[in-house]
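**Student:** Below are the structure tokens for one structure; questions will follow.
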Amino acid sequence: MAKKSMPGGRLQSEGGSGLDSSPFLSEANAERIVQTLCTVRGAALKVGQMLSIQDNSFISPQLQHIFERVRQSADFMPRWQMLRVLEEELGRDWQAKVASLEEVPFAAASIGQVHQGLLRDGTEVAVKIQYPGIAQSIQSDVQNLLAVLKMSAALPAGLFAEQSLQALQQELAWECDYRREAACAQNFRQLLANDPFFRVPAVV
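Now the structure itself:
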């Protein structure tokens, strides 16, 4: 069935409804999917964001539209939760280690958010704070999303979705390991130390 664009980025089947004839992909259910993924965050949101950049041979235009909306938004932690994570990770005296820390993040994604901060020696820093429980929920999140995709009947036949998501599950586990990320960043900083085009931030 041919598709055409509508104002606001929605897809419409010619002679059909906004998303598709599938009752699972109704406008109301699409909105629920977007809101749920943005709220639960974690692996489910990450997978949704990654699926949004695939072409129509990988997922249906209807799901692509849903995941594009997911990619453009993610909820960040409430203040009380952010402060609790900082205390658990850095100790109750964490405020003594910084001169200032913006409470509202300048970026929020699937597994964490980033805050602008200033150390007491005047060094400007970007503080990455991981959402609580994200690393522990990767497997269940991926399996739940796979169930949703199968229920929608929106994945093409022969995709081997289980194998693809298993590989993605491992990648997400690595991404949640901030110590591993810090080690990689330090390595790249050394490798690119004399490069005129690239600048890698120091890890503090």
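Just so you know, we're using UniProt numbering here: the sequence shown kicks off at 1 and counts up by one. By construction, the Cβ of each residue, glycine as well, lies at the ideal position given by its N, Cα and C atoms.
Measuring only the C-alpha atoms, how far is residue 189 from residue 117?
**Tutor:** If I take the Cα positions, the gap works out to 21 Å.
**Student:** So, with DSSP's three-state summary, where would you put residue 138?
**Tutor:** The answer is helix: DSSP assigns residue 138 an H, G or I state.
**Student:** Using only the alpha-carbon positions, how far apart do residue 193 and residue 199 sit?
**Tutor:** Using only the alpha carbons, I get a separation of about 8 Å.
**Student:** Checking the sheet assignment: what are the DSSP bridge partners for residue 126?
**Tutor:** Bridge partners of residue 126: 116.
**Student:** Exposed or buried, which one is residue 166 when buried takes at least 16 other CB atoms within 10 Å?
**Tutor:** Per the 10 Å Cβ criterion, exposed.
**Student:** By Cβ distance, which residues of its chain are closer than 7 Å to residue 100, with the 5 residues on each side in sequence left out?
**Tutor:** Within the same chain, residue 100 has close Cβ partners 117 and 118.
**Student:** If you follow the beta strand (DSSP E) that residue 99 is in, where does it begin and where does it stop?
**Tutor:** Taken as a continuous stretch (DSSP letters only), the beta strand (DSSP E) holding residue 99 covers 98–101.
**Student:** Output needed for residue 113: all residues of its chain with C-beta closer than 6 Å, excluding positions within five of it in sequence on either side, in chain order.
**Tutor:** Closer than 6 Å at Cβ, skipping near neighbours: 76, 105 and 129.
**Student:** Rounded to the nearest angstrom, how far is the Cβ of residue 176 from that of residue 135, given a contact under 8 Å?
**Tutor:** Residue 176 to residue 135, Cβ: 4 Å. Contact.
**Student:** Counting only C-beta atoms, is residue 94 closer than 7 Å to chain D at any point?
**Tutor:** No chain D appears in this structure, which consists of one protein chain only.
**Student:** For residue 204 versus residue 185, is the C-beta distance shorter than 7 Å?
**Tutor:** Against a cut-off of 7 Å, the Cβ pair of residue 185 and residue 204 comes out as no contact.
**Student:** If you draw a straight line from the C-alpha of residue 164 to the C-alpha of residue 61, how long is it?
**Tutor:** Between residue 164 and residue 61, the C-alpha separation is close to 19 Å.
**Student:** How big is the Cα-Cα spacing for residue 172 and residue 126?
**Tutor:** So the alpha carbons of these two residues sit roughly 21 Å apart.
**Student:** Measuring straight from C-alpha to C-alpha, what distance separates residue 195 and residue 32?
**Tutor:** Those two C-alpha atoms are separated by around 47 Å.
**Student:** For residue 174, which of 121, 111 and 96 has the nearest alpha-carbon?
**Tutor:** If we check each option's Cα against that of residue 174, 111 comes out closest.
**Student:** Return the CA-CA distance between residue 201 and residue 133, expressed in angstroms with no decimal places.
**Tutor:** Their backbone Cα atoms lie some 27 Å apart in a straight line.
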